[in-house]
Amino acid sequence: MGRAPKLSLHERYQIKALSTAGHSVKQISDVVKRSRKALMNFLRHEEEYGTKKSSGRSESMAWRMLSKFPNIVRSRMKKCPQLTQGHNGVRFTFQQDNATIHASRSTKTRLEYNDVNIPDWLWHSQNLNSMENP
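So the number in the numbering used here is just where the residue sits in the sequence shown, counting from 1, plus 117.
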């Protein structure tokens, strides 16, 4: 059996009014058509009703972990580096391993059409480092 929805604002005002008028919890539950447990929870904690307790680690715990492990980066990294006017006109080299499974005819045609520079190195190369593969 699932949970019933939270008490509506109308039901809360009705429960509060009947309670201050001196009605018993049983009488109020008959009028409002809600369980006695729900009514008692509301009457006991009127201020906190409908709010959720905070879950997860406290902020102090997070700072304690940061002080324990000082090598953790404490600032957010930028999502991606911004291109500036200095990048304009510079030709970049598209690093591709030239393996046959990555170099289909359509891929080669598209790269040639867009005038993309591709380095000339062996397709069995494990490393795309341009210093090791002149």
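Ideal Cβ positions, reconstructed from N, Cα and C, are used throughout, including at glycine. Remember, predicted model here, so these are calculated numbers, not experimental data.
Out of curiosity, what's the CA-to-CA distance linking S221 and L200?
If you number the sequence shown from 1, residue 221 lands on position 104. If you number the sequence shown from 1, residue 200 lands on position 83. Taking the straight line joining both Cα atoms gives about 30 angstroms.
For F159, which option in V148, D232, E128 has the closest C-alpha, if you only look at C-alpha atoms?
Residue mapping note: residue 159 aligns to position 42 of the sequence shown, counting from 1. The option with the nearest alpha carbon to F159 is E128.
From D214, K123, N231, L228, pick the residue whose C-alpha is nearest to that of K109; which is it?
The first residue shown for the chain is 118 and the last is 251, placing residue 109 beyond what the model contains.
Since N234 sits in a beta bridge, which residues does DSSP pair it with?
Sequence index remark: in the sequence shown, residue 234 carries index 117 (1-based). DSSP output for N234 lists T210 as bridge partner(s).
If you draw a straight line from the C-alpha of D147 to the C-alpha of L135, how long is it?
Working through the sequence shown from its first residue, we reach residue 147 at position 30. Working through the sequence shown from its first residue, we reach residue 135 at position 18. The straight-line gap from Cα to Cα measures roughly 11 angstroms.
Could you check what DSSP says for A134 in three-state terms: helix, strand or coil?
Your numbering for residue 134 matches position 17 in the sequence shown. Helix.
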